[in-house]
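Enquirer: Here it is, the structure in full.
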Amino acid sequence: MRLSQSLFKTTKTIPGDEQAKNAKLLIQAGFVYKEMAGVYAYLPLGLRVLENIKEVIRSEMNDLGASELLMTSLQPKDTWEMTGRWDDETVDVWFKSKLKNGTEIGFGWSHEEALMLLISKFVHSYRDLPGGVYQFQTKLRNELRSKSGLLRGREFLMKDMYHFSRSQEELDEFYERAKQAYLNVYAKLGLGENTFLTFASGGAFTQFSHEFQTVLRDGEDTIYLDRAKKLAINQEVYTDEVIAQLGLKKEDLEEVRASEVGNIFNFGSVKGEQMSVQFSDESGNRKPVFLSSYGIGVSRLMGVMAELFNDNRGLVWPKQIAPAKVYLIAIGDEKATNAAEDLYNILTERGVAVIYDDRDVRAGEKFADADLMGIPWRVVANNQAQADGYEIKDRIENTPKHMNAQALVKLVA
RNA sequence: CGGGGAUUGGCGCAGUUGGCUAGCGCGCCGCGUUUGGGACGCGGAGGUCGGAGGUUCGAGUCCUCUAUCCCCGACCA
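Throughout the first sequence, residue numbering follows the working numbering, covering 1 to 413 in sequence.
Here's what the structure looks like:
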């Protein structure tokens, strides 16, 4: 993209109405725009980050054999009454409205019920199972208090996967594979070192659910972490019994703040029974479908990464997540501009995302923006570029290298 | 939902015990000089002070109500 054609800009001033680092940085760098408390729009650069995160997740979900689909935001009341979750007393985050004819509807804050009903129309036999589906969807939750920028919004992007099995054993086997897939996701996002499998409340269905918690100074959860074993216990279930049950020792546990970047649930056959979603087994007996569900807060992940990956000059995105690989600047006369144009064309043809800063502003401003946006490689084309090569500098290093276009493409592509 | 703080040009802020045509920085527009880390000079445009009501000769400033934002707490399949 050419910055001269962009409608959006970075700002020198930090937003006065944000406290959270992720919101400050992302707004300042022009990645997101605050529509209202807990509701953020994703501007072109922010959307690219979101899409890159989605692509990492998508690849892992596909490897699990799940298929992507897209559910609806508008939800019928009947669906949720089947499991007793329509009531505002039970679920306090509902946004609800009415159709013109008076029919009550809700805005989806989760999709287990909807998915169960949907697959019940397609799954009738043991031959149809097991199988999983997932989606990336905007969830709407009427939080009493949203906070911390992208970390807790009323409208946010979530990946939710649902898996349907014939038995508890089949469910458990998939559950373990999914756990590993989740760890792969965080590793690919550069969060592997900071993200831990965490035992949390299992609600009415099981003793525990599993969360994935990224250690973060301003995270909103407190967990007790055994770093050596890479396991943690959420404060909500932190008792002596649980510590013993999990084979951990109190003295090995460190109390840290963290942000929940994933949560997976083992529903067993409970939902299938509640909603009468059944299949016929080999003997022709009707049995409830076993359900497990797997969530990742995609937009929250973007916030967590902004919290974690920054320095005093701005954001520092991991290369596979950055909105562009290269920030290209021409400094000099026509020769420099031509060299920059050439490189821009070469990189673009090779499918490398480039931010070409062709604005009529001074070099210092371009350097500052390259840093603020956190683009992994800054490339400068000067008057000697065609002869001596382009100057390329890693965002996290101080001294640039020089190389010709061919070598440069090889490095960044 | 309880408590605290905030709201003044596009953005970030100042504005004294109520007192004249409401300021500053950034940004924006024009001209010129500059051009490897957010340049500089000169000249401009732009706000009725979140909203409503009240007190007063006079309200950005005091009072009441209200909206919104931030933080702490509660809540968080």
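Glycine residues also receive a C-beta, built at the ideal position from the N, C-alpha and C atoms.
Source: prediction; values computed, not measured.
1. Let me confirm a value: residue 255 is counted as buried when at least 16 other C-beta atoms fall within 10 Å, else exposed. Which label applies?
2. Which term fits residue 92, buried or exposed, when burial requires 16 or more other beta carbons within 10 angstroms of its beta carbon?
3. What residue ranges within the segment 149–223 form continuous alpha helix (DSSP H) runs of no fewer than 4 residues, ordered along the chain?
4. To the nearest angstrom, report how far apart residue 51 and residue 26 are at their CA atoms.
5. Using the beta-carbon count (16 or more within 10 Å), is residue 174 buried or exposed?
6. I'd like to know whether the C-beta atoms of residue 456 and residue 158 end up nearer to each other than 9 angstroms.
7. Does the distance from the CB of residue 15 to the CB of residue 9 come in under 9 angstroms?
8. Just to confirm the assignment, what range does the alpha helix (DSSP H) spanning residue 269 have?
9. According to DSSP, what are the bridge partners of residue 138?
10. Is residue 15 helix, strand or coil by DSSP?
11. CA-CA distance, residue 212 and residue 187?
12. Can you round the beta-carbon distance between residue 189 and residue 321 to whole angstroms, since I take them to be within the 8 angstroms contact cut?
13. Quick check on residue 377: does DSSP put it in helix, strand or coil?
14. Mapping DSSP to helix, strand and coil, what is residue 329?
15. What residues are listed by DSSP as bridge partners for residue 34?
16. Can you tell me which of 215, 134 and 198 puts its alpha carbon nearest to the alpha carbon of residue 65?
17. With 16 as the cutoff for other CB atoms within 10 Å, does residue 210 come out buried or exposed?
18. Can you tell me where the beta strand (DSSP E) with residue 75 in it begins and where it stops?
19. Comparing alpha-carbon positions, which option in 41, 4 and 36 lies nearest residue 302?
20. Output yes or no for whether 9 angstroms exceeds the beta carbon distance between residue 267 and residue 231.
21. If we call anything under 9 angstroms between Cβ atoms a contact, is residue 252 one with residue 235?
22. Counting beta carbon pairs with one atom in the segment 274–289 and one in the segment 67–86, are three or more of them shorter than 8 angstroms?
23. Does the segment 328–344 come into contact with the segment 302–317, if we say contact requires no fewer than three beta-carbon pairs (one atom in each stretch) closer than 8 angstroms?
24. In this structure, how does DSSP classify residue 396 when only helix, strand and coil are distinguished?
25. Under the assumption that residue 107 contacts residue 75 (Cβ atoms under 8 angstroms), give the Cβ distance between them as a whole number of angstroms.
26. Could you have a look at residue 316 and say whether DSSP puts it in helix, strand or coil?
27. So what's residue 403 in DSSP terms, helix, strand or just coil?
28. How many angstroms separate the CA atom of residue 382 from the CA atom of residue 185?
29. Give the secondary structure of residue 303 by DSSP, where H, G and I count as helix, E and B as strand, and everything else as coil.
30. Put residue 415 into one of helix, strand or coil per three-state DSSP.
31. Is the separation between the beta-carbon of residue 164 and that of residue 270 shorter than 9 angstroms?
32. So, under 8 angstroms CB-CB, residue 111 and residue 71 are touching, yes? Tell me the CB distance rounded to an integer number of Å.
33. Mind checking who residue 147 pairs with in its DSSP beta bridge?
34. Touch check for the segment 367–375 and the segment 311–319: three-plus C-beta pairs under 8 angstroms?
35. Between the Cα of residue 36 and the Cα atoms of 364, 116 and 145, which residue gives the shortest distance?
36. Could you give the distance in angstroms between the alpha-carbon of residue 414 and the alpha-carbon of residue 78?
Expert: Reading it off the structure:
1. By 1-based counting over the first sequence, the position of residue 255 is 255. So residue 255 counts as exposed.
2. By 1-based counting over the first sequence, the position of residue 92 is 92. Exposed, because fewer than 16 other Cβ atoms sit within 10 Å of the Cβ of residue 92.
3. The qualifying runs are 168–188.
4. Residue numbering aside, residue 51 sits at position 51 when the first sequence is read from its first letter. Residue numbering aside, residue 26 sits at position 26 when the first sequence is read from its first letter. Taking the straight line joining both Cα atoms gives about 16 angstroms.
5. Here the question's residue 174 lines up with position 174 in the first sequence. So residue 174 ends up on the buried side.
6. The structure shown does not extend to residue 456, since the chain is modelled only from 1 to 413, so the question has no answer here.
7. What you label residue 15 is simply residue 15 of the first sequence in a count that begins at 1. What you label residue 9 is simply residue 9 of the first sequence in a count that begins at 1. Contact: no.
8. On the first sequence, residue 269 is found 269 positions in, with the first residue counted as 1. Premise fails: residue 269 is in no alpha helix (DSSP H) and is neither H nor E.
9. Stepping through the first sequence from its first residue, residue 138 is reached at position 138. For residue 138, which the question treats as bridged, DSSP gives the partners 157.
10. Position 15 of the first sequence holds residue 15. Coil at residue 15, not helix or strand.
11. Taking the first sequence and counting its residues from 1, the one referred to as residue 212 is at position 212. Taking the first sequence and counting its residues from 1, the one referred to as residue 187 is at position 187. Answer to the nearest angstrom: the Cα atoms are 12 angstroms apart.
12. Taking the first sequence and counting its residues from 1, the one referred to as residue 189 is at position 189. Taking the first sequence and counting its residues from 1, the one referred to as residue 321 is at position 321. 6 angstroms between Cβ atoms; contact.
13. Your numbering for residue 377 matches position 377 in the first sequence. When secondary structure is reduced to three states using DSSP, residue 377 falls in the strand class.
14. Taking the first residue of the first sequence as position 1, residue 329 is located at position 329. Strand.
15. Along the first sequence, read from residue 1 onward, the residue named residue 34 stands at position 34. Residue 34 pairs with 40.
16. Locating residue 65 in the first sequence gives position 65, where the first residue counts as 1. Closest by C-alpha distance to residue 65, out of 215, 134 and 198, is 134.
17. One-based indexing of the first sequence puts residue 210 at position 210. With a threshold of 16 other beta carbon atoms within 10 Å, residue 210 meets it and is buried.
18. Translated into positions along the first sequence, residue 75 becomes position 75. Here the beta strand (DSSP E) through residue 75 covers 74–76.
19. Mapped onto the first sequence, residue 302 falls at position 302. Measuring from the Cα of residue 302, the nearest candidate turns out to be 41.
20. Along the first sequence, one-based indexing puts residue 267 at 267. Along the first sequence, one-based indexing puts residue 231 at 231. Against a cut-off of 9 angstroms, the Cβ pair of residue 231 and residue 267 comes out as no contact.
21. By 1-based counting over the first sequence, the position of residue 252 is 252. By 1-based counting over the first sequence, the position of residue 235 is 235. Going by beta carbons, residue 252 and residue 235 fall outside the 9 angstroms limit.
22. They touch, by the three-pair rule.
23. No contact exists between the segment 328–344 and the segment 302–317.
24. Reading the first sequence from its first residue, position 396 is the one you call residue 396. Coil at residue 396, not helix or strand.
25. What you label residue 107 is simply residue 107 of the first sequence in a count that begins at 1. What you label residue 75 is simply residue 75 of the first sequence in a count that begins at 1. So it is a contact: roughly 7 angstroms between Cβ atoms.
26. For the purposes of this step, residue 316 is identified with residue 316 of the first sequence, where counting begins at 1. For residue 316, the secondary structure class from DSSP, reduced to helix, strand or coil, is coil.
27. Translated into the one-based positions of the first sequence, residue 403 becomes position 403. Strand at residue 403.
28. Along the first sequence, one-based indexing puts residue 382 at 382. Along the first sequence, one-based indexing puts residue 185 at 185. Roughly 39 angstroms between the two C-alpha positions.
29. Along the first sequence, one-based indexing puts residue 303 at 303. The answer is helix: DSSP assigns residue 303 an H, G or I state.
30. Because the chain spans 1 through 413 in this model, residue 415 falls outside it and cannot be assessed.
31. Your numbering for residue 164 matches position 164 in the first sequence. Your numbering for residue 270 matches position 270 in the first sequence. Not closer than 9 angstroms, so no.
32. What you label residue 111 is simply residue 111 of the first sequence in a count that begins at 1. What you label residue 71 is simply residue 71 of the first sequence in a count that begins at 1. Indeed they touch by this definition, with Cβ atoms about 5 angstroms apart.
33. Along the first sequence, read from residue 1 onward, the residue named residue 147 stands at position 147. Among the bridge pairs identified by DSSP, residue 147 is matched with 152.
34. Three or more Cβ pairs closer than 8 angstroms define a contact, and the segment 367–375 meets that threshold against the segment 311–319.
35. Residue numbering aside, residue 36 sits at position 36 when the first sequence is read from its first letter. The option with the nearest alpha carbon to residue 36 is 145.
36. An answer regarding residue 414 cannot be provided, because it is not within the stretch 1 to 413 covered by the chain.
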